[in-house]
Every structure is written in C-alpha cells, then in structure tokens.
Amino acid sequence: MIEISNVTKKYLNLTALDHVTLRIPTGEVIGLLGPNGAGKTTLFKLIAGISSPSGGKIKPANGVWPQIGYKPERLLFPNHLRVHEYLAQVAKLSNLSGSQARHAVDASLAKVNLQSAANKRIKECSKGMRQRLGLAQILIGDPPLLLLDEPSNGLDPSGQSEIYEVIHSLHEAGKTIVMSTHHLPEVTQVCTHLVILNRGQVHYENSMAQAMAAQSHIRIRAHKPLEEFGASLLALHDEIEVKDELIVLKGEAMFMRRQVLVMLLEAGYDVVRVEHNRVSLSEIYAEAVQ
Amino acid sequence: MTQRIVALSGYFSRTLLRSLTGLIYILLSLAYWRVMFSPDQRTPDASYYILVLAAFGVGLTFLITLTIASRANQAAHVAWIVRLPSRVEYLTAVLLTSVLFATALQLLLAALALFRGPELPLTQIMLIPPIWLALNALTAVLALHATDFVASGWSRIILFGLIAIFLVGQSLNAKSGLTTWLILRVNDLSRSMMGSGWMIIASPLNSFSGWLQQDGPAALSNLFSLPFWPFHAIADAVVAGSFNTSQALAPAVLLLYATLLIMLAADIFANKDMDLTE
C-alpha cells in the first residue's frame, strides 16, 4: 500500500530517521516497536503527511494516496466540543453528510463502546474515554489505512483488550494498520508484521510468523554421544547442529524433527528429551535494540 | 472539497463567535462605531465613511486572521488535517473564515454608521464593498504569512523585509539621510577602487554617485512607490467621489497581489513541517 524508500528525517542536528526503507503491504497489521526516541512517532508523522522527509520518498504503491485515519500518541481534542460533534466534524471531512454521517458517528461510538458519552463535552471525558474517542474518529469514513501511535496507552487492562479486539476486527475487515506499542504480548496477538526501529534505523523487519519461527529451535537429547551418526544428521540440513548427545534443529530444519527422531531410534539411540524452545518477542526485541 | 472547506469554516466561525475573543471583537467594533461615527456628531462625509470603515476592516481582518490561524495551528485538529486530501483546503478554510468574519463585522458597522450618517446613493453603495473586500483579502493573506501557521524558516522575514524596503524606498529624496548615507558609501567604494587601480569599476560607481545626487532618489522613489499605487488610487478616488478608468483597476490589482500571496502561502503551507501547538 505504502512504500517508504530511503527516508531520512532531520531536525537541525538530530537525525530522527536514518535511511529507512519499508513496505507497508495492504491488509496487514504492522507492529512498530522501538525504545523511546527510536523514530516511531516521526515515521507516523511522515506517513500521515504532517511532516515532510528530509530525504528519500514516501509514496502509495498504486500512485493514489488512500484516506488515512490517524491517532497520534498524545491525541488532543477541541475540548469545548461534545463527543458526537467532534465525530460529526470528522464525518463531514470524510465526505459524509446527513444520515450517512449520523450513522457513521453512531457506528463508531458503538464499536469502541462509547455511546454513553456521546453528549459529553470532551473536556469532561476521562483519559480512557479520550483514547476510545481517538479510536472512534479513525473508524469514521472507513479509511483503508490506519495509523495508531500507542493506541492502548493509558487504558486499564480490560480497556486494552477491548482496543485490541477492535484492531483485530479492523484487520479482519481488510484494513491496513500500522501501530506502535510498548505492550509486546498484544503485538504477538494482533500484528502480522514486525518492524523494530532503533536510533532512527530499521533494526529488524519480518512477518510475525517468520519472526517467531526463525528464532525458535528444537533440542533433541540422546542417551549417549552421537559420534559418527552425527555426521549423517548434519548432512540432512544446514540448520541442524550436533554436539555430543545433543541435536539442535533450527528454522526449516524444525520440520524434520519426526525424520530425525525416527533415524535416531533406528540407529539404536534412546531419546532422553525433546524440547521445543519458542523464543519470545521480548527476546527478539532485546536483541534488535541492544 | 467544497463540503470540507465549508465544514471547517463553519467550525472556525462558531468557535470564534462563542469565545471571549469573538466577543471582544464584537465589542471592539461597537466601540469603534461609537467613537468614529458617534450619532451625536454631525453627519460624516461619504469619503470619511468609506475610508474610516476600510481602515477598520483592514485592522480587524489582520487581528481576526491571527486569531483563527493560531487556533487552526493547534494539535487538537491534527486528526482532521490528516483526513484532508490536501492541506491547502485547511488553509483556504482559515482564510475564508477570517475574511468573511471580518467583513461581516465591517458591514454591521457600516450599517450602524448609516444611522445619521452620510446619504449615499445606491450606485455609490454598490461600489464600496469591492474596495473593502479587496483590502480585507490582501490583509488576511499578509496576516497569514505573519503567523507560525504558514511561515516556514525565513519566509516571513523575507516577505515583510521586502515590504519594509519598498515602504522606506518610496520616501527617498535627494536630502534624505538614507540617500546621503548611500552616496557617501558609494563614494568611499569608488575612491577605494580608484586607489587600487580598478578604474573599470570605479568609473561606473562615480557615475552612480552623481546620479544619486541628482535624479536618482526621485527615480528610485517612483520605482518603490509603484506597488503602492492601488492604495493611493483608491484613496484619491474615494476623496474625489468617483473612480476614473485607471483608478477603477486598483481593487483588481489588490486582488492580484492577494492571489499571488495566497499561492505563495499555499506552497509554503503544503510543504512545511506542521509545528502544531498543544
């Protein structure tokens, strides 16, 4: 959907983004991770068109910019407006009018469970309500690209899980979502792609499935050292390691575990233990930002 | 596009109207009417009526544009700005609101001032709004260039610096301090060049110094005055009571200035990093 090519963003002497190249595929949920100051918010601002890159290009893959729903990290509102007035204005700016606009406002309020606050002035809303309002406004007009900078920030655990349910349903509806968060478990739940930024550079980029699989491994322990038999296992796949009585299967070699076990047993070895070590997202993150 | 601009203009107008600042502008307008068009005084001339209200419109447009641009530049509107296919729509809404709001107050004042005011024939009344509107439009765009909302880098320094140079330049004459200073500097430079044997530069500088002492200041003053011709033309025509053929073009020239400045503002605004206030 969006192609980011070699983008650099400088503020005087500070380089917020340094030659970032990324592809945001249509219909995916990209989890943007990184420590504070990594450049996540700057990247959101560039995609949203609030800022312009100092170098490089950000362009839509099909040449036409999609409508964007943007929820900044610190979303401020015109506090004198009522919740429904604010959303009605978003509807007008999304080319909806009359009954269409009213329907869109009602639907978005229902989606984020905020109907009861529709007539409240925004200044009277709690932090959690404001976060929901921030999410409600991006739903209006059905924009295909959603940018969510820390969408669950300031919410209690139940509020967070509600927000992630909404994101999950948006993904199922075919939306392209770029979201940043510091809550790693939620990233595992809702994101299909993972991008880790650090000091303005992309340090890690992969699909979530591949990210988890690439770092996982299976350890098979035999009852005695494998000696010459080890060599025949090594010949099976590049990602098989053998040391004494231990066999480690990594990456695609993990799919050969059944074959390896059968070979071991047929060669007269007993299998003492089989361990499937799944790496956590926090380990991938820690490795990428260290 | 029209729906979006109208929606934004409506929002800015309502917000200003319901705010303390909006109330102050209304009270300011009434105070101006009370002072400049007091019903207790004798009936003002038509030219006084037109020019004093034009000055009011210019001042009020400038202030209202600064207010609305400052509100539009708040981070509270970021989610709306992102929704627009072009940022220029946002700028247009700010400009439109400023001009319409100020002109509405100006027309209110104009209507009040007609009470025990000059007796104007309908044909003359029809001629007045285009004059005020052209001045208000130009003022609103200049005010936009002065704000953080539109300005980027050195843009406002360059623009208002140029205007200042032209304003100062039009008052040049042979006896003015600026002319004397310039002549002395050119003479110094000419002598220095002559001393270094660079006659090819010293000779034209000497001629330039001579020109500055005779016809130069008047010619430069005329040149610098040229952009301000529409203002002089409108004032002269209003005082005379009618526009001649060339003076009738003056409001159109002001609108041309406004158009060029709007294009410049749109270009700057569309490409700048938005520095929204919280």
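Protein chains in written order, with this note's numbering: chain B, 286 to 575; chain Y, 207 to 484. In this text, a Cβ means the ideal position worked out from N, Cα and C, and glycines have one as well.
Query: Find the nearest neighbour of I577 of chain B within the set Y:P245, Y:M242, Y:R293, Y:W404, judged by alpha-carbon distance.; Result: An answer regarding residue 577 of chain B cannot be provided, because it is not within the stretch 286 to 575 covered by chain B.
Query: Under a three-way DSSP split, which group does K535 of chain B fall into?; Result: strand
Query: Buried or exposed: K381 of chain Y, going by 16 or more other Cβ atoms within 10 Å of its Cβ?; Result: exposed
Query: For H468 of chain B, which three-state DSSP category applies?; Result: coil
Query: Quick one: Cα of Y463 of chain Y to Cα of A299 of chain Y, how far?; Result: 19 angstroms
Query: Figure out for me which residue from B:N483, B:T473, B:P351, B:S465 has the closest Cα to the Cα of A571 of chain B.; Result: B:N483
Query: For D442 of chain Y, which residues of its own chain have a beta-carbon under 7 angstroms away from its beta-carbon, when the five flanking residues on both sides are left out?; Result: Q453
Query: By a C-beta neighbour count over all protein chains shown, 10 Å radius and 16 as the cutoff for buried, is T485 of chain Y buried or exposed?; Result: In this structure chain Y extends from 207 to 484, so residue 485 of chain Y is not present and cannot be described.
Query: For Y254 of chain Y, which of Y:I468, Y:L467, Y:I440, Y:A471 has the nearest alpha-carbon?; Result: Y:I440
Query: Write down every uninterrupted run of the beta strand (DSSP E) in the segment 521–565 of chain B whose length is 3 residues or greater and which is fully enclosed by it, in chain order.; Result: 525–528, 531–535, 556–562
Query: Just to check my reading of the structure: I569 of chain B and V463 of chain B have Cβ atoms closer than 8 angstroms, yes? What is that Cβ distance to the nearest angstrom?; Result: Incorrect: roughly 19 angstroms between the Cβ atoms, too far for contact.
Query: Strictly under 8 angstroms for the Cβ-Cβ distance: is P436 of chain B near chain Y by that measure?; Result: no
Query: Could you give the distance in angstroms between the alpha-carbon of K377 of chain B and the alpha-carbon of W350 of chain B?; Result: 19 angstroms
Query: Please name the residues in the segment 230–254 of chain Y whose beta-carbon is closer than 9 angstroms to at least one beta-carbon of chain B, in chain order.; Result: none
Query: Let me know if A323 of chain B comes out buried or exposed under the rule of 16 or more other beta-carbons within 10 Å of its beta-carbon.; Result: buried
Query: For the alpha helix (DSSP H) that contains T298 of chain Y, what are its first and last residues?; Result: 293–319
Query: Let me see if you follow: with CB-CB separation under 8 angstroms, is E325 of chain Y close to chain B or not?; Result: no
Query: Could you pull the start and end residues of the beta strand (DSSP E) that D434 of chain B belongs to?; Result: 430–434
Query: Please check the pair V368 of chain B and L418 of chain B, which I expect to be a contact at CB under 8 angstroms, by giving their CB distance rounded to whole angstroms.; Result: 6 angstroms
Query: Hey, is Y570 of chain B's beta-carbon within less than 8 angstroms of any beta-carbon in chain Y?; Result: no
Query: Return the Cβ separation of I425 of chain B and A389 of chain B in integer angstroms, given the expectation that the two are a contact with Cβ distance under 8 angstroms.; Result: 5 angstroms
Query: When the Cα of S219 of chain Y is compared with those of Y:A281, Y:A317, Y:Y238, Y:L306, which residue comes out closest?; Result: Y:L306
Query: Is the number of C-beta pairs between the segment 435–455 of chain B and the segment 371–386 of chain B that are closer than 8 angstroms three or more?; Result: no
Query: What residues from chain B crowd round A282 of chain Y, counting only those whose CB sits closer than 7 angstroms?; Result: L361, F362, P363
Query: Are L566 of chain B and L469 of chain B closer than 8 angstroms when you measure CB to CB?; Result: yes
Query: For P181 of chain Y, which option in Y:V212, Y:T451, Y:S358 has the closest C-alpha, if you only look at C-alpha atoms?; Result: With chain Y running from 207 to 484 in the structure shown, residue 181 of chain Y is simply not present.
Query: If you drop the 5 nearest sequence neighbours on each side, which residues of the same chain put their C-beta closer than 7 angstroms to that of L326 of chain Y?; Result: A252
Query: Give me whichever residues DSSP pairs with Y355 of chain B in a beta bridge.; Result: B:L432
Query: By the three-class DSSP mapping on this structure, what secondary structure does E484 of chain Y have?; Result: coil
Query: Within 8 angstroms (strictly less), CB to CB, does A301 of chain B reach chain Y?; Result: no
Query: Alpha carbon to alpha carbon, how far is T465 of chain Y from A402 of chain B? Give it in angstroms, no decimals.; Result: 44 angstroms
Query: Taking the alpha helix (DSSP H) that L317 of chain B belongs to, which residues open and close that run?; Result: Element bounds for L317 of chain B: not the alpha helix (DSSP H) but the beta strand (DSSP E), 314–318.
Query: Closer than 9 angstroms by beta-carbon distance: list the chain Y residues that pair up with S337 of chain B, in chain order.; Result: N477, K478, D479
Query: State the Cα-Cα distance for the pair A456 of chain Y and I211 of chain Y, rounded to the nearest angstrom.; Result: 29 angstroms
Query: Give me the DSSP bridge partner(s) of V487 of chain B.; Result: B:L482
Query: Using Cβ-Cβ distances below 8 angstroms, what residues of the segment 284–308 of chain Y are close to chain B?; Result: V284, A285, W286, I287, V288, R289, L290, P291, R293
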